[in-house]
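Student: I have a structure I would like to understand better, so I am pasting it below and will then ask my questions one at a time.
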Amino acid sequence: MRVGVEVGGTFTDLVAVEDGRIVLTKVPSTPHSPDIGVMNAVEGAGLALESSRDFVHGSTVATNALLERKGAKVAFITTEGFRDILHLQRHDRLNIYDLRYQRPVPVVERRDCFEVAERVDAAGEVILPLDVEAAAADLVPQLRAGDYQAVGICLLSSYANPDHERALQAALEAALPGTFVTCSSDVSREFREFERASTTTLAAYVQPVIDAYLLRLEEKLSERGFGQRLSVMQSNGGRLPVTGMRRNAISALFSGPAAGVVGATRQASRSGAGHLITFDMGGTSTDVCLVTEGRPGISPDTVLDGLPVRTPVLDIATIGAGGGSLIWIDDGGMLRVGPRSAGAVPGPACYNRGGTLPTITDAHVIRGTIRPEAFLGGTMEILREKSEAAFAPLAERLGMSIPQAANAALRLAAANIVRAIQLISTEKGHDPRDYALVPFGGAGPLMAVEVAEELGLDRVLVPPNAGVLSAYGLIASDFSKIYTITRRTPVDAAASDVVRDLYAQMVAEAEGDFRDYGIAGALSFKFVADMRFVGQAFEIAVDIDREALPGLTRERLVEDFIAAHHRVYLHGASARQAIEIVGFRLEATRPIESLPLLSEKELPDRPARQTAQLHTSEGPRDVLVVSAPSLAPDTPVEGPALIEGYSTTTLVPDGWTAVRDGNDNFIVSRKG
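Position 8, counted from 1, in the sequence shown is what our numbering calls 4; the numbers after and before it change by one each time, with no gaps.
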């Protein structure tokens, strides 16, 4: 049995697959202690974990610890003269017209920043040796007095030579047992000291939180008989065993959204779709990602709460437009959706858990696209009257009926989602009409066709049980880890040998790590070089063909860089200009043995076909309601119709047709 559990802002989803049998469940999340929600999902699914060999987990624990500033008390140690690096930051402004703009606040106070006397140059040569004994004698009493739970070490140029960091780490761990010590050379072995220092302190900040959480989860799983491998999804779309997360919890920041992209890509590939726009609309947010030729885009860094995080993440754009997003009117009388959310507690008004403000979920209940008797297969009570009561004040202020106000809110939410998709497609030179929209999450298939119409798309691919696709993505993901090294290398006659030698070292490191993690089997590798013209401030990623690596030449490096440069900047570049490589990246992957198959959960007490009413802005309208598990392959459903499954409902409007293909995906396409 393989089990995947993904903790979202509103629901915790579970997918388990064993010999073709699939078990699904959704339970409310428990934000105060997410591991309780995980075990509630296991309990609700009735799983006997003794037979499970793989338990994969994705959660927002690290993200929430940063956003809510509930991480550990951290000390920061850097090279003498650089104590203020976290507070000086970069001389840019994220909002240049905001007169009250303030720079992001680091997670470390200035009084918690310390210095050591040492210096290494950019080539890794030691200029001033570190006296480890003297440094430890000075630091240890101060760290003890400060009662720090974690320490982040980021010494200047340690990306080129980490020896000083490693020696200081060993001395502090010996003197301060129980204190987590994080080195920048383990977290982000790249240049640009502020970004590296920020990433290191954030990693140290969340490490004790993640470690304690995973220990609690391991104990609870053990109590239920689980004794095999527990893995955690990373932001880059690959998973690692918990042993691999002990020194780099920051890599799990966006594990939930990443799992959804992996699940969508895997499931869509079964129907031959490789160019995708994934559209994950859950309880608190909407995440969109562009997938080209079956590979999601990866960004080398991201920003969280204004602070840079230099760790590989799937290139996902997020907006506050989920099922629990609050609908409100601003001071100018304009209707707004999000970014605030009702979350799991109290949740949308229709959940009857104390929520009184209108949300996207309430709007769907009022419109009729969510039918209370069908929500989660009829296992969760939904009260339409609560949704109407929540919308009544807002409708009165707008001078609309309650259904009109609900439909206006849904149109606005769709417009916000369209804008997010344009950010990752049109504004990066990709025509969204060349891609299929793949919606998932509880609310994604409800909004998908409206979003597709706005974008000019003719095809929507809805996976089976799309409401729990992120949990499926966990068990459908490969083991993966990305290694990065900064090494400025001029592209000259000697460059090929340098490239081959560095990648050989990185491959050896990856193979050693995977052996330590207990992951057997052959690894596959992807090689990427960060290249630029000498004098440029930023670099672009250039894929290095593994087959060409043994015979790699300077001419091939230049040719590949010029082609990549043209794709990004759309203008010619001269090969006569000096070119350099500034960073080397290796993605090591251990593919899963076999892809688990996802299918619709049976709903035995549901009529195959019936009629219901949609309350549109123009008035009530009868629509066909089809039970998703009962729909035979290649049987078309003409819109307007609702296709109801256990975890979500797909809205098929006028002018569109839905067909279930042989891989259980619903293909919704425009007529004609």
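Ideal Cβ placement from N, Cα and C applies to all residues, glycine included.
Would you list, in sequence order, the uninterrupted beta strand (DSSP E) runs of no fewer than 3 residues that lie entirely inside the stretch 260 to 329?
Tutor: The stretch 260 to 329 contains these whole beta strand (DSSP E) runs: 272 to 277, 282 to 288, 298 to 300, 303 to 305, 312 to 315, 321 to 325.
Student: Between which two residues does the alpha helix (DSSP H) carrying His53 extend?
Tutor: Translated into positions along the sequence shown, residue 53 becomes position 57. Looking at the DSSP string, His53 is not in any alpha helix (DSSP H); the run it does join, the beta strand (DSSP E), is 50 to 54.
Student: What number of angstroms, rounded off, separates the C-alpha of His271 from the C-alpha of Asp430?
Tutor: Your numbering for residue 271 matches position 275 in the sequence shown. Your numbering for residue 430 matches position 434 in the sequence shown. Distance between the alpha carbons of His271 and Asp430 is about 7 Å.
Student: To test your reading of the DSSP string, which unbroken alpha helix (DSSP H) runs of 4 or more residues are found completely within the stretch 416 to 483?
Tutor: If we require 4 residues or more, the alpha helix (DSSP H) runs fully inside the stretch 416 to 483 come out as 440 to 451, 465 to 471.
Student: By Cβ distance, which residues of its chain are closer than 6 Å to Gly293, with the 5 residues on each side in sequence left out?
Tutor: Residue numbering aside, residue 293 sits at position 297 when the sequence shown is read from its first letter. Same-chain partners within the cutoff: Leu286, Asp311.
Student: When you compare each of Glu215, Ser55, Ile246 to Gly256 by their alpha carbons, which one comes out closest?
Tutor: Within the sequence shown, numbered from 1, the residue matching residue 256 stands at position 260. When only C-alpha atoms are compared, the closest one is Ser55.
Student: Quick check on Lys216: does DSSP put it in helix, strand or coil?
Tutor: Translated into the one-based positions of the sequence shown, residue 216 becomes position 220. Three-state result, Lys216: helix.
Student: How would you write the range of the alpha helix (DSSP H) that Ile356 sits in, first residue to last?
Tutor: Within the sequence shown, the letter at position 360 stands for residue 356. Unbroken alpha helix (DSSP H) run through Ile356: 356 to 363.
Student: Mapping the DSSP letters down to three states, classify Ser194 as helix, strand or coil.
Tutor: One-based indexing of the sequence shown puts residue 194 at position 198. Ser194: helix per DSSP, three-state reduction.
Student: State the Cα-Cα distance for the pair Leu451 and Phe275, rounded to the nearest angstrom.
Tutor: Position 455 of the sequence shown holds residue 451. Position 279 of the sequence shown holds residue 275. Near 13 Å, if we compare the C-alpha coordinates of Phe275 and Leu451.
Student: Quick one: any contact between the stretch 295 to 315 and the stretch 453 to 462, if contact means 3 or more CB pairs under 8 Å?
Tutor: No: fewer than three Cβ pairs fall under 8 Å.
Student: Roughly how many angstroms lie between the CA atoms of Arg242 and Asp207, to the nearest whole one?
Tutor: Counting from one through the sequence shown, the residue named residue 242 turns up at place 246. Counting from one through the sequence shown, the residue named residue 207 turns up at place 211. If I take the Cα positions, the gap works out to 7 Å.
Student: Compute the Euclidean distance between the alpha carbons of Pro30 and Val57, then round it to the nearest angstrom.
Tutor: Here residue 30 corresponds to residue number 34 of the sequence shown, with the count starting at 1. Here residue 57 corresponds to residue number 61 of the sequence shown, with the count starting at 1. Near 8 Å, if we compare the C-alpha coordinates of Val57 and Pro30.
Student: Let me confirm a value: Asn403 is counted as buried when at least 16 other C-beta atoms fall within 10 Å, else exposed. Which label applies?
Tutor: For the purposes of this step, residue 403 is taken as the residue at position 407 of the sequence shown. Counting Cβ neighbours within 10 Å, Asn403 comes out buried, since at least 16 surround it.
Student: Since Phe72 contacts Val(-1) with CB under 8 Å, what's their CB separation in whole angstroms?
Tutor: If you number the sequence shown from 1, residue 72 lands on position 76. If you number the sequence shown from 1, residue -1 lands on position 3. 38 Å between Cβ atoms; not a contact.
Student: What residue from Tyr347, Ser665, Val578, Thr646 has the CA that sits closest to Phe534's CA?
Tutor: In the sequence shown, the residue the question calls residue 534 occupies position 538. That would be Val578, whose Cα lies nearest to the Cα of Phe534.
Student: Considering only the alpha carbon of each residue, which of Pro102, Gly16, Val202, Met(-3) lies closest to Phe222?
Tutor: Taking the sequence shown and counting its residues from 1, the one referred to as residue 222 is at position 226. For Phe222, the nearest C-alpha among the options comes from Met(-3).
Student: Answer with buried or exposed for Asn461, where buried requires no fewer than 16 other C-beta atoms within 10 angstroms of its C-beta.
Tutor: By 1-based counting over the sequence shown, the position of residue 461 is 465. With 16 or more other Cβ atoms within 10 Å, it is buried.
Student: Below 8 Å on the Cβ atoms is my contact criterion, and I expect Leu145 with Lys69 to pass it. Report the Cβ-Cβ distance as a whole number of Å.
Tutor: Taking the sequence shown and counting its residues from 1, the one referred to as residue 145 is at position 149. Taking the sequence shown and counting its residues from 1, the one referred to as residue 69 is at position 73. Here residue 145 turns out to be Gln, not Leu, going by the sequence shown. Correct: roughly 5 Å between the Cβ atoms.
Student: For Leu638 versus Val619, is the C-beta spacing smaller than 9 Å?
Tutor: The residue you call residue 638 lines up with position 642 of the sequence shown. The residue you call residue 619 lines up with position 623 of the sequence shown. Cβ atoms of Leu638 and Val619: closer than 9 Å.
Student: Counting C-beta neighbours from all protein chains within 10 Å, is the total for Lys477 16 or more, i.e. buried, or is it exposed?
Tutor: Against the sequence shown, residue 477 aligns to sequence position 481. The residue is buried, with at least 16 neighbouring Cβ atoms inside 10 Å.
Student: Alpha carbon to alpha carbon, how far is Gln203 from His611? Give it in angstroms, no decimals.
Tutor: As a first step, residue 611 is located in the sequence shown; it is residue number 615 there, counting from the start. As a first step, residue 203 is located in the sequence shown; it is residue number 207 there, counting from the start. So the two alpha carbons sit approximately 49 Å from each other.
Student: Which class does Leu43 belong to by DSSP, given the choice of helix, strand or coil?
Tutor: In the sequence shown, counting from the first residue as 1, residue 43 sits at position 47. Three-state DSSP puts Leu43 in coil, outside helix and strand.
Student: Under a three-way DSSP split, which group does His561 fall into?
Tutor: Indexing the sequence shown from 1 puts residue 561 at position 565. If DSSP states are grouped into helix, strand and coil, His561 belongs with the helices.
Student: Along the chain, where does the beta strand (DSSP E) that runs through Ile536 open and close?
Tutor: As a working note, residue 536 is residue 540 in the sequence shown. Where Ile536 is concerned, the enclosing beta strand (DSSP E) stretches over 536 to 540.
Student: For His611, which of helix, strand or coil comes out of DSSP?
Tutor: By one-based count along the sequence shown, residue 611 stands at place 615. Reduced to three states, the DSSP call for His611 is strand.
Student: Kindly indicate the opening and closing residues of the alpha helix (DSSP H) around Ser492.
Tutor: Here residue 492 refers to the residue found at position 496 of the sequence shown. 491 to 512 is the extent of the alpha helix (DSSP H) around Ser492.
Student: Determine, using beta carbons only, whether Arg49 and Arg262 come nearer to each other than 9 Å.
Tutor: In the sequence shown, counting from the first residue as 1, residue 49 sits at position 53. In the sequence shown, counting from the first residue as 1, residue 262 sits at position 266. In this structure, Arg262 does not lie closer than 9 Å to Arg49 by Cβ.
Student: Short of 6 Å in beta carbon distance, which residues of its chain neighbour His561, apart from the five on each side in sequence? Order them along the chain.
Tutor: Counting from one through the sequence shown, the residue named residue 561 turns up at place 565. Within the same chain, His561 has close Cβ partners Ala569.
Student: Pairing CB atoms from the stretch 416 to 430 with CB atoms from the stretch 379 to 389, are three or more of them under 8 Å?
Tutor: Counting Cβ pairs under 8 Å, fewer than three are found: no touch.
Student: Which same chain residues, not among the five before or five after Gly40, have their C-beta less than 7 Å away from its C-beta?
Tutor: Translated into positions along the sequence shown, residue 40 becomes position 44. Contacts found: Thr21, Val23.
Student: Express the C-alpha separation of Asp358 and Ser321 in angstroms, rounding to a whole number.
Tutor: One-based indexing of the sequence shown puts residue 321 at position 325. One-based indexing of the sequence shown puts residue 358 at position 362. Roughly 10 Å separates the two Cα atoms.
Student: Distance, Cα to Cα, Ser154 vs Arg162?
Tutor: Numbered from 1 along the sequence shown, position 158 holds the residue referred to as residue 154. Numbered from 1 along the sequence shown, position 166 holds the residue referred to as residue 162. Approximately 10 Å, taken between the alpha carbons.
Student: Please look up how many angstroms separate the CB atoms of Gly279 and Gly319, rounded, as I've assumed it's under 8 Å.
Tutor: Taking the first residue of the sequence shown as 1, we reach residue 279 at position 283. Taking the first residue of the sequence shown as 1, we reach residue 319 at position 323. Indeed they touch by this definition, with Cβ atoms about 5 Å apart.
Student: Could you check if Asn661 is buried or exposed, using at least 16 other CB atoms within 10 Å of its CB as the buried criterion?
Tutor: Within the sequence shown, numbered from 1, the residue matching residue 661 stands at position 665. Per the 10 Å Cβ criterion, buried.
Student: In terms of DSSP beta bridges, what is Thr375 paired with?
Tutor: Taking the sequence shown and counting its residues from 1, the one referred to as residue 375 is at position 379. DSSP, once it has assigned bridges, lists no residue as partnering Thr375.
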